[in-house]
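Right, one structure below, let's go through it.
In this note's numbering, the protein residues as written are 116 to 804.
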């Protein structure tokens, strides 16, 4: 039996508001009094009442009949009075104005419910109480539509007060179906959760850790067990975080159990897992594997020096495979064929060591090179793969020629055991550019520093080495051509050149792109060229007459859609005769090379009377190309640079007479003429004597 006076039980005693001033009480009342709602409702029932938003509160206070109309959307006046007889009695006695009056000042604090909808949500299994210090209002309001609605209409109530008075009692089970509860609870670690999050909570909270997690903890980002980190999971997986924010998932843990585990997602932070997810492969210790490969690649070949061994010029090359024979190998084959002839006159023989083949195959070389000038290169020539050599017998006056910087690192230790410690080295590029900036780069660069007699493929490349003080020019050395090094110019294939009338008569226009999309040819800048062509096609630079071909690839590749109805069609590396026929139809050639060697394709393209887009480099500026041939359109090695130069070529493409007149005409020269007796006498002969 409650012996308190009725006014105290109502919370409507004269001094029940403590230190609240009259002004603060009025502000409290007015903050929940929705004037526009009240005016609409009054005019609906009493259309003759002179009520306005300006006088709404005054009319409510002076006309008892209007107090049966609730001025707040969430307070159902009739229902509240009917459900609270003590409130109805107090209104009849004149102690309070209305149910709204009572609820605003006392009812909500007592946990009375303002409407039947909230009443239906109340459960007889309330959540445990929670200390205000461990309550996160932002997370709670984000996940509770009921709380946000209530605080919108009764703004003087805090988020924690709503949770403590109502939120714990509102039935939220419709948000958490039993099947999901069971899923979460099966992996929930009660002991971990208590120790981690409930140490300072009252016993009634500690006794129900899963309920706390389900309705409070998951909103605050609490983890359900030791092995799942909710904060990490939501922070790392943006798609899950977005789904939780949209209300599609209860938590990151909910997602992990439903799908994340099956998808291979990581349940908690670990540096290697996080990095592998963001950057697949980034943690793999590839350099450890590469260490073994480098060790194998530069390991010295065991040798025995025998005075009676036949005097030999050893050609040290990566492989003898015509399938991968581009310009550099063509020069090697031509030089070797002439060397074979010249050293034979001195009583020497030619032998070949391949450093990157498991097994030598001279027969395949001969079969693939049939019809070529150097097809007889391997006739009567010993060819051995490095892997096939146990110990190599060499003579004290043997000589060694290395094709690459890596081969130089293998050849020089053998040369050091002869009477000529220098090797002959074929320099056809600044080879470290083939490598990433790594141990491979450093070791490749070191191959340029072994004692050698370099043979430069072009004066342009020689000048680059001199300018950068590389190789034989390092440290300010001033070697003398002929005595200390040799230079030759690569033979340029002069392709068929149609006349102006034939060019004008063709209905189809052709742009040929030296594509080479394989990783070993990355210096040809395939990506830049494709992106530039796509930009041009998509903006309508080319009309329907144009066809686009990608040359030089090693396998059949699908076409690339360039946009604007155009496609890039790939053509596998062609036989010489097919290549010559194809080039007769060329209008624009595109060939890039991000390296100091000037490349060969632009010059071959230019012999046909085509306009040729090729890039500049440190040792090749625009004036360099313009002096050689006016059909060159040099470009910066950028997407924008290629676009601009191709556009300039397009503007000139129908000047057929001008194109033919400006076609590149290299000096007529064969490989036999390049590597003639005079070349050997001036350069290599002193090394071989």
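All C-beta atoms in this analysis are idealised placements derived from N, C-alpha and C, irrespective of residue type, glycine included.
When rounded, the separation of the alpha-carbon atoms in residue 533 and residue 587 is 21 Å. Within the same chain, Cβ atoms closer than 7 Å to the Cβ of residue 246 are found at 315 and 316, the five residues on either side in sequence being excluded. With respect to residue 749, residue 737 sits close: the two C-beta atoms are nearer than 8 Å. Distance between residue 537 and residue 400, taken at the CA atoms: about 37 Å.
Inter-residue distance for residue 437 and residue 447 is about 11 Å (C-alpha atoms, whole angstroms).
In this structure, 718 is the residue among 701, 718, 619 and 702 with its C-alpha nearest to the C-alpha of residue 708. Membership of residue 311 in the alpha helix (DSSP H) is indicated by the continuous run 305 to 312. In the DSSP annotation of this structure, the continuous segment of the alpha helix (DSSP H) that includes residue 574 starts and ends at 574 to 583. Between the alpha carbons of residue 205 and residue 211 lies a distance of about 6 Å. Boundaries cannot be given for residue 164, as no beta strand (DSSP E) includes it and DSSP labels it neither H nor E.
Under the criterion of beta carbons closer than 8 Å, residue 467 and residue 432 qualify as touching, at roughly 7 Å.
A contact between stretches requires three or more CB pairs, one per stretch, nearer than 8 Å, and the region 595 to 610 meets this requirement with the region 559 to 573. Per DSSP, the unbroken beta strand (DSSP E) holding residue 542 starts and ends at 538 to 542. In this structure, residue 611 places its C-beta atom within 8 Å of the C-beta atom of residue 699. Distance between residue 337 and residue 377, taken at the CA atoms: about 22 Å. Segment contact: the region 701 to 716 against the region 636 to 648, three or more CB-CB distances shorter than 8 Å; contact assigned.
Around the beta carbon of residue 184, 16 or more other beta carbons lie within 10 angstroms, which makes this residue buried. Beta-bridge analysis with DSSP links residue 569 to 540.
In this structure, residue 529 sits away from residue 504, with a CB-CB distance that is not shorter than 8 Å. Between residue 271 and the set 303, 293 and 223, the nearest pair of CA atoms involves 223. Under the three-state reduction of DSSP, residue 154 is assigned to helix. Just so you know, the alpha carbons of residue 250 and residue 275 end up roughly 7 Å apart.
Where residue 145 is concerned, there is no enclosing beta strand (DSSP E), although the alpha helix (DSSP H) around it starts and stops at 137 to 147.
Assigned with DSSP and collapsed to three states, residue 199 falls in coil, not helix or strand. Linking residue 164 to residue 155 through their CA atoms gives a straight-line distance of about 11 Å. Beyond the five residues adjoining it in sequence on each side, residue 248 comes within less than 6 Å, by CB distance, of no other residue in the same chain. Closest by C-alpha distance to residue 422, out of 495, 512 and 479, is 512. Within 10 angstroms of the beta-carbon of residue 629 lie 16 or more other beta-carbons, which makes it buried. Residue pairing from DSSP leaves residue 669 without any beta-bridge partner. For residue 667, the number of other beta carbons within 10 angstroms of its own is at least 16, and it is reported as buried. Taking the CA atoms as reference points, residue 788 sits about 10 Å from residue 606. Counting other Cβ atoms within 10 Å of its Cβ, residue 439 stays below 16 and is therefore classed as exposed.
Your pair residue 389 and residue 351 checks out as a contact, with CB atoms roughly 7 Å apart and the cut at 8 Å. Taking all protein chains shown into account, residue 546 has 16 or more neighbouring C-beta atoms within 10 Å of its C-beta and is therefore buried. In this structure residue 572 is in contact with residue 712, their Cβ atoms being roughly 7 Å apart against a cut-off of 8 Å. Per the C-alpha coordinates, the member of 482, 697 and 792 positioned closest to residue 626 is 697.
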